[in-house]
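Number of protein chains: 2
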Amino acid sequence: MTTPETPAQATHALPRTLTRDLGRHDGQQVRLQGFLHARRDLGGVQFAVLRDVSGVAQCVGSGLHLPLPESSIEVTGTVKAHPKAPGGYEIQITDFRVLSAAVQASPLEIPKMEWNVNPETMLDYRYVSLRGLKERATLRVQAELVRAFHEHLNAEGFTEISTPKIVSAGAEGGANLFKLDYFGEQAYLAQSPQLYKQIMVGVFERVYEVAPVYRAEEHATSRHLNEYLSLDVEMGFIDSEEDVMALENRLLVSIMAHLKATCAAEFALLGAALPALPDFIPRIPLMEARELVHREYGHVVGGKDLDPEAERLLCQYYLERHGSDFVFVTKYPRAARPFYAYPEEGGELTRGFDLLFRGIEITSGGQRINEYEMLMDSIRTYKLNPESLAGYSEVFKYGMPPHGGFAIGAERLTARLLGIANVRYARAFPRDRNRLTP
Amino acid sequence: MTTPETPAQATHALPRTLTRDLGRHDGQQVRLQGFLHARRDLGGVQFAVLRDVSGVAQCVGSGLHLPLPESSIEVTGTVKAHPKAPGGYEIQITDFRVLSAAVQASPLEIPKMEWNVNPETMLDYRYVSLRGLKERATLRVQAELVRAFHEHLNAEGFTEISTPKIVSAGAEGGANLFKLDYFGEQAYLAQSPQLYKQIMVGVFERVYEVAPVYRAEEHATSRHLNEYLSLDVEMGFIDSEEDVMALENRLLVSIMAHLKATCAAEFALLGAALPALPDFIPRIPLMEARELVHREYGHVVGGKDLDPEAERLLCQYYLERHGSDFVFVTKYPRAARPFYAYPEEGGELTRGFDLLFRGIEITSGGQRINEYEMLMDSIRTYKLNPESLAGYSEVFKYGMPPHGGFAIGAERLTARLLGIANVRYARAFPRDRNRLTP
Numbered sequence: 307m308t309t310p311e312t313p314a315q316a317t318h319a320l321p322r323t324l325t326r327d328l329g330r331h332d333g334q335q336v337r338l339q340g341f342l343h344a345r346r347d348l349g350g351v352q353f354a355v356l357r358d359v360s361g362v363a364q365c366v367g368s369g370l371h372l373p374l375p376e377s378s379i380e381v382t383g384t385v386k387a388h389p390k391a392p393g394g395y396e397i398q399i400t401d402f403r404v405l406s407a408a409v410q411a412s413p414l415e416i417p418k419m420e421w422n423v424n425p426e427t428m429l430d431y432r433y434v435s436l437r438g439l440k441e442r443a444t445l446r447v448q449a450e451l452v453r454a455f456h457e458h459l460n461a462e463g464f465t466e467i468s469t470p471k472i473v474s475a476g477a478e479g480g481a482n483l484f485k486l487d488y489f490g491e492q493a494y495l496a497q498s499p500q501l502y503k504q505i506m507v508g509v510f511e512r513v514y515e516v517a518p519v520y521r522a523e524e525h526a527t528s529r530h531l532n533e534y535l536s537l538d539v540e541m542g543f544i545d546s547e548e549d550v551m552a553l554e555n556r557l558l559v560s561i562m563a564h565l566k567a568t569c570a571a572e573f574a575l576l577g578a579a580l581p582a583l584p585d586f587i588p589r590i591p592l593m594e595a596r597e598l599v600h601r602e603y604g605h606v607v608g609g610k611d612l613d614p615e616a617e618r619l620l621c622q623y624y625l626e627r628h629g630s631d632f633v634f635v636t637k638y639p640r641a642a643r644p645f646y647a648y649p650e651e652g653g654e655l656t657r658g659f660d661l662l663f664r665g666i667e668i669t670s671g672g673q674r675i676n677e678y679e680m681l682m683d684s685i686r687t688y689k690l691n692p693e694s695l696a697g698y699s700e701v702f703k704y705g706m707p708p709h710g711g712f713a714i715g716a717e718r719l720t721a722r723l724l725g726i727a728n729v730r731y732a733r734a735f736p737r738d739r740n741r742l743t744p
Numbered sequence: 307m308t309t310p311e312t313p314a315q316a317t318h319a320l321p322r323t324l325t326r327d328l329g330r331h332d333g334q335q336v337r338l339q340g341f342l343h344a345r346r347d348l349g350g351v352q353f354a355v356l357r358d359v360s361g362v363a364q365c366v367g368s369g370l371h372l373p374l375p376e377s378s379i380e381v382t383g384t385v386k387a388h389p390k391a392p393g394g395y396e397i398q399i400t401d402f403r404v405l406s407a408a409v410q411a412s413p414l415e416i417p418k419m420e421w422n423v424n425p426e427t428m429l430d431y432r433y434v435s436l437r438g439l440k441e442r443a444t445l446r447v448q449a450e451l452v453r454a455f456h457e458h459l460n461a462e463g464f465t466e467i468s469t470p471k472i473v474s475a476g477a478e479g480g481a482n483l484f485k486l487d488y489f490g491e492q493a494y495l496a497q498s499p500q501l502y503k504q505i506m507v508g509v510f511e512r513v514y515e516v517a518p519v520y521r522a523e524e525h526a527t528s529r530h531l532n533e534y535l536s537l538d539v540e541m542g543f544i545d546s547e548e549d550v551m552a553l554e555n556r557l558l559v560s561i562m563a564h565l566k567a568t569c570a571a572e573f574a575l576l577g578a579a580l581p582a583l584p585d586f587i588p589r590i591p592l593m594e595a596r597e598l599v600h601r602e603y604g605h606v607v608g609g610k611d612l613d614p615e616a617e618r619l620l621c622q623y624y625l626e627r628h629g630s631d632f633v634f635v636t637k638y639p640r641a642a643r644p645f646y647a648y649p650e651e652g653g654e655l656t657r658g659f660d661l662l663f664r665g666i667e668i669t670s671g672g673q674r675i676n677e678y679e680m681l682m683d684s685i686r687t688y689k690l691n692p693e694s695l696a697g698y699s700e701v702f703k704y705g706m707p708p709h710g711g712f713a714i715g716a717e718r719l720t721a722r723l724l725g726i727a728n729v730r731y732a733r734a735f736p737r738d739r740n741r742l743t744p
């Protein structure tokens, strides 16, 4: 009979300490692990700055041969209060080990706050540039933002779902779809989980999904990604889109409170401020918003929606006059919304809304059509082909409750929160028109 | 100046009550919303069973015209204790509203526990079959499982990441990749976030991802999906793969405790039992495991790995002799592992492991090669082309710490937990060789 192995016991005299906890070990021996952030050799004395996930620590020793920066290292030594060292403590090294030596100098100096390089270079070397303090802080904030999204919705009784990204048709129409061969059939990458989250309202009433979505947009802009993380929400048994906006309002208040509690250091490092976010985000119907930017700023908006300049001006207005970095733009006309948007009586407008934040749209949402006959009417009104939408409309034969929802682009929200001009830098490994690597 | 709108106040006399909370309202008026689960008309008296996310409630009234089952309804009425009604209470209807009428009878009788239909029909009508009690319970358990995964790893200091699913090369080699045209370049859907999660260990030390992955496997089996939800983990500064197995062990204990606390009703409905899971899951090296199934059961294993029958027998053995539904199979030979698996001294074996659960592999994991020179040696040993792997190996020039990780297929774990024979029924909208819809 075979006896199960017992685990190999790591025989470290000391457990690992994180640099942020050094204050608790003043005068004691500690063992640190991390990356060699910076090094200096002053004749017989060597200084090594060790960076771990929680911060940095200055370590000093003698007779050491320090490897290239970014090598993984382990330092054992004594903690001494040292007012001039970062964090207020220094480690007097008694043992220095290289866990894994860098074999090539980093193309970017990780400790620097600004890199004087072509922005494309930063993306080419993303596997090291992400170790940069600002890049790390950005993605850390995003992780906490996504965590707060989960936690708030869980607390409100939502169920997380996972829906297909390989689909037979686009939810928003045929444009901007990545095509795929699926065992000989034409398939696409999902632009959004729209239909699927609606179906799941029939199962769990309140659902959310955190997953990538795909837009094959040819044009490169600072606000678009070809692959991004979509934070999708859908809720049933609503009275109107006001229930959906009220949920998004509560959710954002909750997310910002979480970021305030967990990411103060990251916001400080990035020179960013938490937004002005009232408990009741102001709302303005789209038609009034177009008039407002004309009246207040002389800006004439083309098209049926708002243009980027109008979004910027409207946000400026609501920040200055109402103290809010957010504003809901409501009652979009049908001409600016997809066929599944719930029409208002009269038929010109819908119960669709956008949420603008610091000059840019971060959400599209609204109430959806839930009745089969109304949906078929809408398909005719939009002059769409009922047969090509049969896979969508079929679902609504089975008593779908009144429902609505919204989606937030995680990277766009992160970028606006942190003052990052181009949304590509709010994603670890962005995909754009010209970038498929790393 | 425009005044922001105030929200349209829904003027319900009563807030909505969930059916599970009826016991708190005995003798009171309540307002319920949900689906018409079942209906009966006994002459002048109508019985309507209302189903909401939390359960069902029997409602009784007179003079009602009940719509088709699955219609969305709202019932207002008085709660009366009624021992024979499901949940112990009945609603005496004072107001009955149809929120959205089903216009076609459901192809499946939702209240039935078993449907006598072709399994493909259940998938064809997934948008209604998911409302079935067993289907809903299955996905509810999966949602709680994924939630516990997040919460445990957050508590252990892991950071959630989001990595690209459109990639320029496969992480596990060229087979079984879905191909994609990316603006004229050949791209693929990611089989796993392997390289990306390793890179992110250099940033956050401990990371996880919950996201879909893709396998273009031609053969249809009960254990494979072409798109599934991968629960990926990677951790740095480990001593060996034992640290990784210890983490997975703690994680599973945590997940099962969470399911016990939140999903007792779902397990009861599905006739499933929580697994036998010790605080120390037994381990056995692969070579010994192959000998064991031969010696104990006379089963000779072909190939270099375990075959499905060997997995089943090994699990039977560990359940009967060691009281564990789980067993780690360790020290896989290099021939059965990818080039990035960390070799043991001697070079024949690796620090790679699988985790078996109730007869099937649910995890592959292990320590990875973190040193550039060792990686280049391994690429040569495997007779792979260093140039085609340059995008992978480049990363290891910059001092990657010792690290390892694992991935759990969410649907496969859910299926084994709940006794679901085919993994397709543990995913809301499965994709397989012949299925691209709904």
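These protein sequences, in sequence, are chains R and U. Per the numbering used here, residue 307 is the first one in the first sequence, and the count goes up by one each step. Per the numbering used here, residue 307 is the first one in the second sequence, and the count goes up by one each step. For each residue, glycine too, the CB sits at the ideal point set by N, CA and C.
Ordered along the chain, which non-local residues of its own chain (more than five positions away) have a Cβ less than 6 angstroms from that of residue i?
| i | result |
| --- | --- |
| R/Gly672 | Glu547, Ala647, Arg657, Gly658, Phe659 and Gly710 |
| U/Gly340 | Leu356, Arg357 and Asp358 |
Answer yes or no: do residue i and residue j have a C-beta to C-beta separation smaller than 8 angstroms?
| i | j | result |
| --- | --- | --- |
| U/Glu466 | R/Val359 | no |
| R/Val513 | R/Met506 | yes |
| R/Ala713 | R/Ser536 | yes |
| U/Gln504 | U/Arg674 | yes |
| R/Arg618 | R/Gly665 | yes |
| R/Gln500 | R/Arg521 | no |
Report all residues from its chain with a CB closer than 8 angstroms to the CB of residue i; omit the five preceding and five following residues, and keep chain order.
| i | result |
| --- | --- |
| R/Ala752 | Because chain R in this structure spans residues 307 to 744, residue 752 of chain R falls outside the shown range and cannot be described. |
| R/Val409 | Leu374 |
| R/Ala616 | Ala595, Arg596, Val599, His605 and Val607 |
| U/Leu620 | Ile590, Ala595, Leu598, Val599, Leu612, Val633, Val635 and Leu662 |
| R/Val434 | Glu376, Ser412, Pro413, Leu414 and Ile416 |
| U/Gly577 | Gly725 |
Taking DSSP as the reference, what is the three-state secondary structure of residue i?
| i | result |
| --- | --- |
| U/Tyr502 | helix |
| R/Thr636 | strand |
| U/Gln315 | At U/Gln315 the pLDDT is 44, less than 50, meaning the model places this residue with poor confidence and gives no usable figure here. |
| R/Glu376 | coil |
| U/Arg442 | helix |
| R/Pro310 | The predicted model places R/Pro310 with a pLDDT of 37, which falls under 50 and marks its position as unreliable; any figure quoted below should be read in that light. DSSP places R/Pro310 in coil when its eight states are reduced to three. |
| R/Thr400 | strand |
| R/Phe735 | coil |
| R/Gln410 | coil |
Which residues in the same chain have their Cβ closer than 7 angstroms to the Cβ of residue i, if we skip the five residues on either side of it in sequence?
| i | result |
| --- | --- |
| U/Leu695 | Ile685 |
| U/Asp738 | Ala526, Leu531, Asn532 and Arg730 |
| U/Tyr624 | Pro588, Ser630 and Val633 |
| R/Val473 | Ala493, Tyr494 and Ala496 |
| U/Ala314 | For U/Ala314, the predicted model reports a pLDDT of 41, less than 50, meaning its position is unreliable and no value from the coordinates is stated. |
Which residues in chain U sit within 7 angstroms of residue i, going by Cβ to Cβ distance?
| i | result |
| --- | --- |
| R/Asn676 | Ser406 |
| R/Glu376 | Tyr704 and Gly705 |
Which residues of chain U have a Cβ atom closer than 8 angstroms to the Cβ of residue i, listed in chain order?
| i | result |
| --- | --- |
| R/Ala517 | Ala517 and Pro518 |
| R/Asn460 | Arg453 |
| R/Leu742 | Ile472, Val473, Ser474, Tyr488, Glu491 and Ala493 |
So residue i contacts chain U; which residues on that side make the cut at Cβ distance below 9 angstroms?
| i | result |
| --- | --- |
| R/Pro708 | Ser378, Leu405 and Ser406 |
Name, please, each residue of chain R whose Cβ falls closer than 9 angstroms to the Cβ of residue i.
| i | result |
| --- | --- |
| U/Phe543 | Arg322, Gln339, Gly340, Asp358, Ser378, Glu380 and Leu405 |
Check the Cβ of residue i against every Cβ in chain R and list those closer than 7 angstroms, keeping chain order.
| i | result |
| --- | --- |
| U/Asp487 | Lys485 |
| U/Thr465 | Arg446 and Ala449 |
Under 8 angstroms between beta-carbons, which chain R residues line up against residue i? List them in chain order, please.
| i | result |
| --- | --- |
| U/Lys471 | Lys471, Pro518 and Glu533 |
Next on the checklist: Could you check whether the segment 538–553 of chain U touches the segment 697–711 of chain U, counting it as contact only if at least three pairs of C-beta atoms, one from each stretch, sit closer than 8 angstroms?
Outcome noted: yes
Checklist entry - Would the segment 446–462 of chain U and the segment 710–721 of chain U be scored as touching if the rule is three or more Cβ pairs under 8 angstroms? => result yes
Item to check | Three-pair Cβ contact test at 8 angstroms for the segment 580–590 of chain R versus the segment 622–632 of chain R | outcome: yes
Checklist entry - How do the segment 415–429 of chain U and the segment 385–400 of chain U stand: do at least 3 beta-carbon pairs fall below 8 angstroms, yes or no? => result no
Checklist entry - Three or more C-beta pairs closer than 8 angstroms, one from the segment 548–566 of chain R and one from the segment 326–336 of chain U: is that the case here? => result no
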